[in-house]
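Asker: In our numbering, the protein residues as written are 1 to 187.
Shown next, in the form of structure tokens:
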């Protein structure tokens with residue numbers, strides 16, 4: 001696993017040890033970011049199920065100003081911090097060891113909002129629609145925020161979730177990538 005492009009391009013990243021976390025392959029990650037941009041002019045990202053942190057690190061490498069990474073597993077948090085160290089810019093990342101729901105409550109109290117959100121939850125725990133609705137309700141989404149969802153092929157996501165409209169849905173082997181754009185107002 002590596003950073004595909006941008007400032008940190010080519011740097012090797014660690015995977016979370018064990019079988020609880022499924023890292024996004026470099027091929028799928030490259031395809032995702034080619035659809036999203038492939039580069040960004042600043043902004044903030046949020047990863048609710050960060051795993052190794054690879055998606056957030058890729059985003060910052062490609063121009064995101066700051067990334068918030070959330071995971072509840074100790075092994076994942078350790079791996080995320082090791083991978084962030086590879087960037088030599090730890091101030092561009094905030095790592096939170098918590099369940100996604102509890103972390104969102106913490107971020108809401110801080111009035112956080114984001115331009116890019118990654119959803120790559122464990123396949124058996126998919127609550128993406130409910131969680132996107134909560135992000136909208138609690139005003140976490142900046143205008144034109146993009147939400148990238150990585151699921152298995154069995155997941156069926158709707159064309160619209162509140163003020164979020166699906167703009168892309170593509171399959172890569174066993175992985176399905178769905179991207180939404182938030183069409184709501186300012187926070």
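Where is the CB? At the ideal position from N, CA and C, for every residue including glycine.
Any chance the stretch 148-156 sits against the stretch 110-125, with 3 or more Cβ pairs inside 8 Å?
Answerer: Cβ pair count under 8 Å is three or more, so yes.
Asker: Quick check: what's the CA-CA separation for residue 83 versus residue 9?
Answerer: Along the chain shown, read from residue 1 onward, the residue named residue 83 stands at position 83. Along the chain shown, read from residue 1 onward, the residue named residue 9 stands at position 9. Whole-angstrom Cα-Cα distance: 13 Å.
Asker: CA-CA distance, residue 170 and residue 155?
Answerer: The count along the chain shown starts at 1 and reaches residue 170 at position 170. The count along the chain shown starts at 1 and reaches residue 155 at position 155. Approximately 12 Å between the Cα atoms of the pair.
Asker: Taking the Cβ atom as the reference point for each residue, do residue 32 and residue 129 lie within a distance shorter than 7 Å?
Answerer: Position 32 of the chain shown, counted from the first residue, corresponds to residue 32. Position 129 of the chain shown, counted from the first residue, corresponds to residue 129. Going by C-beta atoms, residue 32 is not nearer than 7 Å to residue 129.
Asker: Do residue 61 and residue 18 come within 7 Å of each other at the CB atom, strictly closer than that value?
Answerer: Here residue 18 refers to the residue found at position 18 when the chain shown is read from its first residue. Here residue 61 refers to the residue found at position 61 when the chain shown is read from its first residue. No. Outside cutoff.
Asker: Where does residue 93 sit, in a helix, a strand or coil, going by DSSP?
Answerer: In the chain shown, counting from the first residue as 1, residue 93 sits at position 93. Reduced to three states, the DSSP call for residue 93 is strand.
Asker: So if DSSP puts residue 66 in a beta bridge, which residue, or which two residues, is it bridged to?
Answerer: Taking the first residue of the chain shown as 1, we reach residue 66 at position 66. Partner(s): 44.
Asker: DSSP state of residue 78, grouped into three classes?
Answerer: Position 78 of the chain shown holds residue 78. Here residue 78 sits in helix by DSSP.
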